[in-house]
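Engineer:
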Amino acid sequence: MTVITQEKNEVKIQQDLNARNKAVEKAFHQITKSAKLLLLSFEAPKYRTSIQVNHAKSGKETTLVSEFICHFFNLTLATNRVGYKMIYFAYDSEALSKFGPRLYNRVLRVVFKHSMIEASKINIEDSIRVSSEATEIQKFFLNRLANGGNDFITIEVEAKAEN
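Going by the numbering used here, the sequence shown opens with residue -14, and the numbers climb by one from there.
#1: How is L81 classed by DSSP in three states: helix, strand or coil?
#2: Could you pull out every residue in the same chain whose Cβ sits closer than 8 angstroms to the Cβ of V(-12), ignoring the five residues on either side in sequence?
#3: Mind checking I138: buried by the 16 CB within 10 Å criterion, or exposed?
#4: Which same chain residues, not among the five before or five after A4, have their C-beta less than 8 angstroms away from its C-beta?
#5: When we look at the beta-carbon of S112 and count the other beta-carbons within 10 Å, is it buried (16 or more) or exposed?
#6: Which one of Y76, R66, K11 has the shortest CA to CA distance from E118?
#7: Distance, Cα to Cα, V96 vs K21?
#8: Mind listing, in chain order, the continuous alpha helix (DSSP H) runs of no fewer than 4 residues lying wholly within the region 23 to 58?
#9: Let me confirm a value: R33 is counted as buried when at least 16 other C-beta atoms fall within 10 Å, else exposed. Which label applies?
#10: Among the candidates S26, I72, T61, L24, whose CA atom is the shortest distance from the CA of V38?
#11: Thinking C-alpha only, which one of A104, G44, C55, Y89 is nearest P30?
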């Protein structure tokens, strides 16, 4: 006979949370890696520029863990109030009107490809939040760009893809 105590349940729940959070972090890094590849076809360097923010190294107490920001969209890894890691995706309204929905659709496919249940042993599909409306990412991106890089902010310009 197995006796399950409150303490054992709490340990199991914590282990499940840790495993889930690791799976979400892994998905976030796969998504950002794939998202960078989508920028390679652009001619202008400003469209191939990305900023990665490691909030854990910022020294500030925040629920934000990491961010990937480019001219077109923002991907954020954060911890919600109950300790679950979450991935938030927002797309720029001006980019959508200027370039159309093609890149937006491609990024969405990347996000879902790396977070669907078939991509991980742990179901993290409910850890994805997609903004239902386009927002103003470019202002945020340009502000971060103007402030430059430091110990926790990395700015990269991807090399243009060869045809």
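Built from N, CA and C at the ideal position, the CB exists for glycine as well.
Please read all numbers here as calculations on a predicted model, not as lab measurements.
Structural biologist: Short version:
#1: By one-based count along the sequence shown, residue 81 stands at place 96. Helix, per DSSP.
#2: Translated into positions along the sequence shown, residue -12 becomes position 3. Here the model assigns V(-12) a pLDDT of 40, short of 50, so the residue's position is not dependable, and the following value carries that caveat. Cβ within range, chain order: n/a, list empty.
#3: The residue labelled residue 138 in the question sits at position 153 within the sequence shown. Classification for I138: buried.
#4: Taking the sequence shown and counting its residues from 1, the one referred to as residue 4 is at position 19. Excluding residues up to 5 positions away in sequence, I107 lie with their Cβ nearer than 8 angstroms to the Cβ of A4 in the same chain.
#5: What you label residue 112 is simply residue 127 of the sequence shown in a count that begins at 1. S112 should be labelled buried.
#6: The count along the sequence shown starts at 1 and reaches residue 118 at position 133. The shortest C-alpha separation from E118 is found at Y76.
#7: As a first step, residue 96 must be located in the sequence shown, where it is residue number 111. As a first step, residue 21 must be located in the sequence shown, where it is residue number 36. Approximately 12 angstroms between the Cα atoms of the pair.
#8: Secondary structure in the region 23 to 58: the alpha helix (DSSP H) runs of 4 residues or longer, each lying completely within the stretch, are 30 to 33 in chain order.
#9: One-based indexing of the sequence shown puts residue 33 at position 48. That one is buried.
#10: The count along the sequence shown starts at 1 and reaches residue 38 at position 53. Cα-wise, what sits closest to V38 is T61.
#11: Here residue 30 refers to the residue found at position 45 when the sequence shown is read from its first residue. It is C55 whose Cα lies nearest to the Cα of P30.
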